[in-house]
Amino acid sequence: MNEAPNLNYIKELAAGSEEFEQKLITIVKREFPEEKKEFLKNYSAKCFEEAAEHVHKLKHKIGMLGFEKGYQLTIKFEEELKKNEFSQFSKFMLILESIENFLKIH
Amino acid sequence: MNCIIIDDEETARMIIQQLCSQVDQLSVIEEFPNAIQAIKFLNSNKIDLIFLDIHMPDFTGFDFIQTLKNPPQIILTTSDKNFALEAFEYECIVDYLVKPITLPRFLKAIQKVETDALEKKEITESSAGENNSSSSEENDLYVNIDRRLIKIDLPTINIIEAKGDYILIKTEKQNYTVHSTLKKIEEKLPDDLFLKVHRSYIINFKKIIDIEDNSVLIEKDVIPVSRSNRPELMKRLNLL
Numbered sequence: 382m383n384e385a386p387n388l389n390y391i392k393e394l395a396a397g398s399e400e401f402e403q404k405l406i407t408i409v410k411r412e413f414p415e416e417k418k419e420f421l422k423n424y425s426a427k428c429f430e431e432a433a434e435h436v437h438k439l440k441h442k443i444g445m446l447g448f449e450k451g452y453q454l455t456i457k458f459e460e461e462l463k464k465n466e467f468s469q470f471s472k473f474m475l476i477l478e479s480i481e482n483f484l485k486i487h
Numbered sequence: 088m089n090c091i092i093i094d095d096e097e098t099a100r101m102i103i104q105q106l107c108s109q110v111d112q113l114s115v116i117e118e119f120p121n122a123i124q125a126i127k128f129l130n131s132n133k134i135d136l137i138f139l140d141i142h143m144p145d146f147t148g149f150d151f152i153q154t155l156k157n158p159p160q161i162i163l164t165t166s167d168k169n170f171a172l173e174a175f176e177y178e179c180i181v182d183y184l185v186k187p188i189t190l191p192r193f194l195k196a197i198q199k200v201e202t203d204a205l206e207k208k209e210i211t212e213s214s215a216g217e218n219n220s221s222s223s224e225e226n227d228l229y230v231n232i233d234r235r236l237i238k239i240d241l242p243t244i245n246i247i248e249a250k251g252d253y254i255l256i257k258t259e260k261q262n263y264t265v266h267s268t269l270k271k272i273e274e275k276l277p278d279d280l281f282l283k284v285h286r287s288y289i290i291n292f293k294k295i296i297d298i299e300d301n302s303v304l305i306e307k308d309v310i311p312v313s314r315s316n317r318p319e320l321m322k323r324l325n326l327l
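The listed protein sequences correspond, in order, to chains A and B.
Per the working numbering, the first sequence starts with residue 382, numbered consecutively.
Per the working numbering, the second sequence starts with residue 88, numbered consecutively.
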């Protein structure tokens, strides 16, 4: 997976408003770790339907941080989890780590 | 256009707020992290448009719509394309936005909302027009005089008098002699305006000038009122 997160979508939305940009990033920084934690908790407990719910929420953030292939992979993973399958787990975790690192420097 | 946002994800609510701020005619009144709070709000507030997430814990967007008696226009906002077909089963759902929502796509949705509102307004006005025209038809009576059907505006009739095989219809402007019976025309007249006061007379009781013992005055005509019809006449009058 060669994709890296970016702020293009957020900057476009902000239309020059740094205040909005910062506020949105702050909210993402707060919500993202919570959603990731809840996903992992449910995944470890083999509660795949609940895990899929959290992947669904993470999917929005993955999309807004510029992942295109990653977004498609997340859709696939969400569907897999609903069928108790998880072949995309490691690739999905790479996306989450990449976002985590990105958010640390913003 | 007053709108509210319902989404359990704060990021999503903030993004929709920002998109709404780009459109002058949109005013975000309130935002809610769940549908239950929104239902309480909608019980006492009139809203034109709702941005509604489908995927919410406990109570989904579709569950929420089903609780609304007269739902306003709704734009669904979701990260899931799978619900598009179900969405369009609801007349109130105007558009379906897949997250992350871009400004051009958002503006297109608002345009759809405006077009939809305009179409609904036109339908309401045209059905109101049809109702008016039907009520105007109810106010007309066509009578056959010399092989011509002549329209008489019912409220303009003062009295109808039986004259053998004919009836004389006296209106505000002119009189018509029609080959018919009082019984036949009585069936065509609205009860809230006309009353048979005598075996030979039907009157428009809104045209009564005064009542004296066993007669009523309408224009310059003194019309007899039979004893049996007098109680009904008195019942219809607004007596002090």
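Note that CB positions come from ideal geometry on N, CA and C, so glycine has one too.
Just how far apart, CA to CA, sit N169(B) and A196(B)?
-> Stepping through the second sequence from its first residue, residue 169(B) is reached at position 82. Stepping through the second sequence from its first residue, residue 196(B) is reached at position 109. Answer to the nearest angstrom: the Cα atoms are 19 angstroms apart.
Go ahead and label R314(B) buried or exposed: buried means 16 or more other beta carbons lie within 10 angstroms of its beta carbon, across all protein chains shown.
-> The count along the second sequence starts at 1 and reaches residue 314(B) at position 227. The residue in question, R314(B), is exposed, as its Cβ has fewer than 16 Cβ neighbours within 10 Å.
For E412(A), which residues in chain B fall below 9 angstroms Cβ to Cβ?
-> On the first sequence, position 31 is the one that residue 412(A) refers to. The contacting residues are E96, E97, T98.
Three-state class that DSSP yields for T268(B) in the structure shown = By 1-based counting over the second sequence, the position of residue 268(B) is 181. In this structure, T268(B) counts as coil in the three-state DSSP scheme.
Would you kindly work out how many angstroms separate the C-alpha atoms of D145(B) and H435(A), rounded to a whole number?
-> By 1-based counting over the second sequence, the position of residue 145(B) is 58. By 1-based counting over the first sequence, the position of residue 435(A) is 54. Cα to Cα, the separation comes out at about 14 angstroms.
With 16 as the cutoff for other CB atoms within 10 Å, does I133(B) come out buried or exposed?
-> If you number the second sequence from 1, residue 133(B) lands on position 46. Looking at the sequence provided, one finds Lys at residue 133(B) rather than Ile. It counts as exposed.
By DSSP, does P144(B) sit in helix, in strand, or in coil?
-> Sequence index remark: in the second sequence, residue 144(B) carries index 57 (1-based). Looking at P144(B) - three-state DSSP - the assignment turns out to be coil, as it is neither helix nor strand.
Just to confirm, are K199(B) and D182(B) a CB contact at a threshold of 7 angstroms?
-> Here residue 199(B) corresponds to residue number 112 of the second sequence, with the count starting at 1. Here residue 182(B) corresponds to residue number 95 of the second sequence, with the count starting at 1. Yes, they are a contact pair.
DSSP three-state assignment for K472(A), whether helix, strand or coil = Counting from 1 along the first sequence, the entry for residue 472(A) is found at position 91. In this structure, K472(A) counts as helix in the three-state DSSP scheme.
Interface positions of the region 97 to 117 of chain B facing chain A (Cβ-Cβ less than 8 angstroms), listed along the chain = E97, T98, A99, M101, I102, Q105, L106, Q109
Kindly list, in the order they appear in chain B, the residues whose Cβ is closer than 9 angstroms to that of L549(A).
-> Only positions 382 to 487 of chain A appear in the structure, and residue 549(A) is not among them; the question remains open.
On the three-pair Cβ rule with 8 angstroms, is the region 256 to 276 of chain B touching the region 223 to 239 of chain B?
-> yes
Identify, in the order they occur along the chain, each residue of the same chain with its Cβ nearer than 8 angstroms to the Cβ of Y253(B), setting aside the five sequence neighbours on each side.
-> On the second sequence, position 166 is the one that residue 253(B) refers to. Closer than 8 angstroms at Cβ, skipping near neighbours: T264, V265, H266, S267.
Reduced DSSP category for L285(B) - H, G, I as helix; E, B as strand; rest coil = In the second sequence, counting from the first residue as 1, residue 285(B) sits at position 198. For the record, residue 285(B) in the displayed sequence is His; it is not Leu. Three-state DSSP puts H285(B) in a strand.
Indicate whether E416(A) and L439(A) have their beta-carbon atoms separated by less than 7 angstroms.
-> Start at 1 with the first residue of the first sequence, and residue 416(A) comes out as number 35. Start at 1 with the first residue of the first sequence, and residue 439(A) comes out as number 58. Against a cut-off of 7 angstroms, the Cβ pair of L439(A) and E416(A) comes out as a contact.
Inter-stretch contact (C-beta, 8 angstroms, three-pair minimum) for the region 421 to 435 of chain A and the region 393 to 400 of chain A = no
Check whether the Cβ of K195(B) lies closer than 7 angstroms to any Cβ atom in chain A.
-> What you label residue 195(B) is simply residue 108 of the second sequence in a count that begins at 1. False, the Cβ-Cβ gap to chain A never drops below 7 angstroms.
Opening and closing residue of the alpha helix (DSSP H) in which V110(B) lies | Locating residue 110(B) in the second sequence gives position 23, counting from the first residue. Neither: V110(B) is in no alpha helix (DSSP H) and is coded neither H nor E.
Start and end residues, beta strand (DSSP E) containing I256(B) | If you number the second sequence from 1, residue 256(B) lands on position 169. Unbroken beta strand (DSSP E) run through I256(B): 253 to 258.
Would you mind telling me which residues of chain B sit closer than 8 angstroms to L394(A), beta carbon to beta carbon, in chain order?
-> One-based indexing of the first sequence puts residue 394(A) at position 13. What L394(A) touches in chain B: I102, Q105, L106, L190.
Candidates I188(B), S166(B), D140(B), N325(B): which alpha carbon is nearest I180(B)'s?
-> Counting from 1 along the second sequence, the entry for residue 180(B) is found at position 93. Selected option, being the one with the closest Cα: D140(B).
Going by DSSP, name the residue or residues bridged to I119(B).
-> Stepping through the second sequence from its first residue, residue 119(B) is reached at position 32. With the sequence shown as reference, residue 119(B) is identified as Phe, and Ile is not the correct amino acid for it. In DSSP, F119(B) forms a bridge with I93(B).
Does the beta-carbon of Q112(B) have 16 or more other beta-carbons within 10 angstroms, so that it is buried, or is it exposed?
-> In the second sequence, the residue the question calls residue 112(B) occupies position 25. Result: exposed.
Which runs of the alpha helix (DSSP H) spanning at least 4 residues fall entirely within the region 389 to 473 of chain A, listed in chain order?
-> 389 to 395, 399 to 425, 429 to 445, 450 to 463
Contact between the region 297 to 317 of chain B and the region 279 to 289 of chain B: three or more CB pairs below 8 angstroms?
-> yes
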